[in-house]
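K.L.:
One structure is given below, represented as structure tokens, and several questions about it will come after.
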Amino acid sequence: MTTGLGIEPVTAKSRTEGLQILSKIRLSGQQVHPPPPLAQWCRLMPKDAAKMPESAWKLVFYTMSWSYSTYLLFFSSYSFFNNPPSVFSNWKSGMTVPTDIAIAYLIQGSFYGHSIYATVNMDTWRKDSAVMVVHHIITLALISFSYAFRYHNVGILVLFLHDINDVLLEFTKLNVYLKARGGGYHVLNDVLSNMGSVSFSVTWFWFRLYWFPLKVLYATCVSSIQSVPTIPFYFFFNALLFALLLMNIYWFLFIVIFVVKLLKVKEVNDVREYEDEDARKAAEELLKDAENNDDDAGHHNSALR
74 MTTGLGIEPV
84 TAKSRTEGLQ
94 ILSKIRLSGQ
104 QVHPPPPLAQ
114 WCRLMPKDAA
124 KMPESAWKLV
134 FYTMSWSYST
144 YLLFFSSYSF
154 FNNPPSVFSN
164 WKSGMTVPTD
174 IAIAYLIQGS
184 FYGHSIYATV
194 NMDTWRKDSA
204 VMVVHHIITL
214 ALISFSYAFR
224 YHNVGILVLF
234 LHDINDVLLE
244 FTKLNVYLKA
254 RGGGYHVLND
264 VLSNMGSVSF
274 SVTWFWFRLY
284 WFPLKVLYAT
294 CVSSIQSVPT
304 IPFYFFFNAL
314 LFALLLMNIY
324 WFLFIVIFVV
334 KLLKVKEVND
344 VREYEDEDAR
354 KAAEELLKDA
364 ENNDDDAGHH
374 NSALR
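Read left to right, the sequence shown gives residues 74 to 378 (our numbering).
Below, the structure written as structure tokens:
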């Protein structure tokens with residue numbers, strides 16, 4: 074949907090401000106590092122180069138995790154997706170957790186435990202990062218307690234309904250970073266980012282705001298009582314699941330803002346970012362100036378992340 078290069082000339086003021094930021098960082102003695110090799114090879118803008126490893130790692134993880142949960146729900150003996158009430162069939166306290174589900178829990182629990190630390194200390198801070206930390210804490214609590222109290226069947230269904238959106242999100246973000254690499258305009262990445270953004274918006278509503286309440290919340294609120302009238306921790310687990318739903322609604326508001334912005338400016342960007350246009354353009358200009366000097370390029374890129 075982008076109609077052109079999407080990059081305006083850098084003003085003298087924005088360039089001066091960018092150089093002032095760089096000078097302050099150098100004078101402070103703060104350690105700076107060059108961009109990751111792949112990002113440097115792609116000649117990404119400094120801010121995009123800093124975020125590329127995060128998105129690439131998450132894309133790999135979520136693709137593998139969603140593929141595995143898809144296998145469990147559609148290519149094994151489990152019928153939880155087509156028959157959600159079956160998640161509580163033959164439930165009993167202390168029952169054995171199947172190995173294939175236990176593997177998924179171990180991987181997901183490890184990932185979200187790390188994600189709490191990564192969001193605070195490693196990833197780019199965004200407008201919704203505080204909510205993201207809360208989301209990771211709630212998700213880790215759901216994974217841990219649902220495993221301990223044998224609600225693992227529900228957990229696999231929840232993971233399946235949520236991971237697909239993260240696959241599409243990270244795929245779209247990577248193509249947004251790549252479409253302006255080297256200061257140019259790359260049609261393929263622009264088309265892929267537009268396709269990804271549309272797919273992401275549709276699947277978010279379909280999977281998280283329609284199927285999640287229909288299949289998961291109905292099963293945990295209604296079917297659980299019908300199957301196991303004395304089921305323990307009923308209100309505790311449902312409170313966590315409803316908190317997850319509220320966060321999904323909160324993030325859907327960002328998606329609505331994104332769609333409105335897309336219709337107005339016809340360019341895919343992450344509306345959760347704290348983005349200053351002059352800083353973005355100044356960073357791009359500094360990157361171009363530093364292309365012929367690897368050491369200087371590393372300082373420029375790191376300084377303007």
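C-beta: ideal position from N, C-alpha, C; glycine also. Computed from a prediction, not measured in an experiment: that's the story for all the values here.
(1) Rank Leu326, Ile189, Ser296 and Phe315 by C-alpha distance to the C-alpha of Pro158 and give the top, closest one.
(2) Can you grab the Cα-Cα spacing for the pair Ala363 / Met125, in whole Å?
(3) Can you give me the C-alpha to C-alpha distance between Val240 and Val249, rounded to a whole angstrom?
(4) Out of Trp198, Ser138, His225 and Leu145, which one is the CA nearest neighbour of Phe380?
(5) Give the single residue among Val301, Ile237 and Trp277 whose Cα lies nearest to the Cα of Tyr135.
(6) Give the DSSP-derived three-state secondary structure of Thr306 in the structure shown.
(7) Quick check: the segment 139 to 149 against the segment 189 to 201, are at least 3 beta-carbon pairs closer than 8 Å?
(8) When you compare only the Cα positions, how much space is there between Leu117 and Met205?
(9) With burial defined as no fewer than 16 other Cβ atoms inside 10 Å of the residue's Cβ, what is the status of Val333: buried or exposed?
(10) Would you mind working out which of Leu313, Asn321 and Ser300 sits nearest Ser162, comparing C-alpha positions?
(11) Along the chain, where does the alpha helix (DSSP H) that runs through Thr172 open and close?
(12) Expressed to the nearest angstrom, what Euclidean distance is found between the alpha-carbon atoms of Ala123 and Met320?
(13) Should Ile211 and Ala316 be called a contact, given that it needs their Cβ atoms to be closer than 8 Å?
(14) Buried or exposed: where does Val260 fall if 16 or more other Cβ atoms within 10 Å of its Cβ makes it buried?
(15) In terms of alpha-carbon separation, which member of Leu179, Leu242 and Ala312 lies closest to Ala129?
(16) Report the three-state DSSP secondary structure of Ala253 (helix, strand or coil).
(17) Evaluate Thr169 with the Cβ neighbour count: other Cβ atoms within 10 Å of its Cβ, from every protein chain shown; 16 or more gives buried, anything less gives exposed.
(18) Buried or exposed for His225, please, with buried defined as at least 16 other CB atoms from any protein chain shown within 10 angstroms of its CB.
(19) With 16 as the cutoff for other CB atoms within 10 Å, does Leu336 come out buried or exposed?
(20) For my contact list, Ile66 and Leu145 are in at a C-beta cut-off of 8 Å; report their separation, rounded to the angstrom.
(21) Is there contact between the segment 300 to 310 and the segment 215 to 223, where contact requires at least three CB pairs shorter than 8 Å?
(22) Using the C-alpha atoms, what's the distance from His209 back to Gln181?
(23) According to DSSP, simplified to helix, strand and coil, what is Gly167?
(24) Quick check on this structure: which residue in Gly255, Asn311 and Ser274 has the alpha carbon closest to the alpha carbon of Pro286?
(25) Give me the Cα-Cα distance between Leu179 and Arg254, rounded to the nearest whole angstrom.
(26) Buried or exposed, going by whether 16 or more other CB atoms sit within 10 Å of the CB of Tyr323?
(27) Tell me the residue span of the alpha helix (DSSP H) that contains Ala292.
(28) Since Phe244 contacts Gly228 with CB under 8 Å, what's their CB separation in whole angstroms?
(29) Do you know offhand how far Leu326's Cα is from Trp164's?
(30) For Ile98, which of helix, strand or coil comes out of DSSP?
(31) With DSSP collapsed to three states, give me the class of Leu282.
P.N.:
With the structure as the only source:
(1) Ser296
(2) With a pLDDT of 49 at Ala363, under the threshold of 50, the predicted position of this residue should be treated as unreliable, and no value is reported.
(3) 14 Å
(4) As displayed, the chain neither begins before 74 nor continues past 378, which places residue 380 out of reach and without an answer.
(5) Ile237
(6) A small correction: the amino acid at residue 306 is Phe; Thr does not occupy that position in the sequence shown. The answer is coil: DSSP assigns Phe306 none of H, G, I, E or B.
(7) no
(8) 26 Å
(9) exposed
(10) Ser300
(11) Thr172 to Asn194
(12) 26 Å
(13) yes
(14) exposed
(15) Leu242
(16) coil
(17) exposed
(18) buried
(19) exposed
(20) Since the displayed the chain opens at 74 and closes at 378, residue 66 lies outside it and no answer follows.
(21) yes
(22) 11 Å
(23) coil
(24) Asn311
(25) 37 Å
(26) exposed
(27) No alpha helix (DSSP H) contains Ala292, which DSSP labels as neither H nor E.
(28) Not a contact, Cβ separation roughly 25 Å.
(29) 37 Å
(30) Low local confidence applies: a pLDDT of 45 at Ile98 is under 50, so the model's placement there is unreliable, and no value is given.
(31) helix
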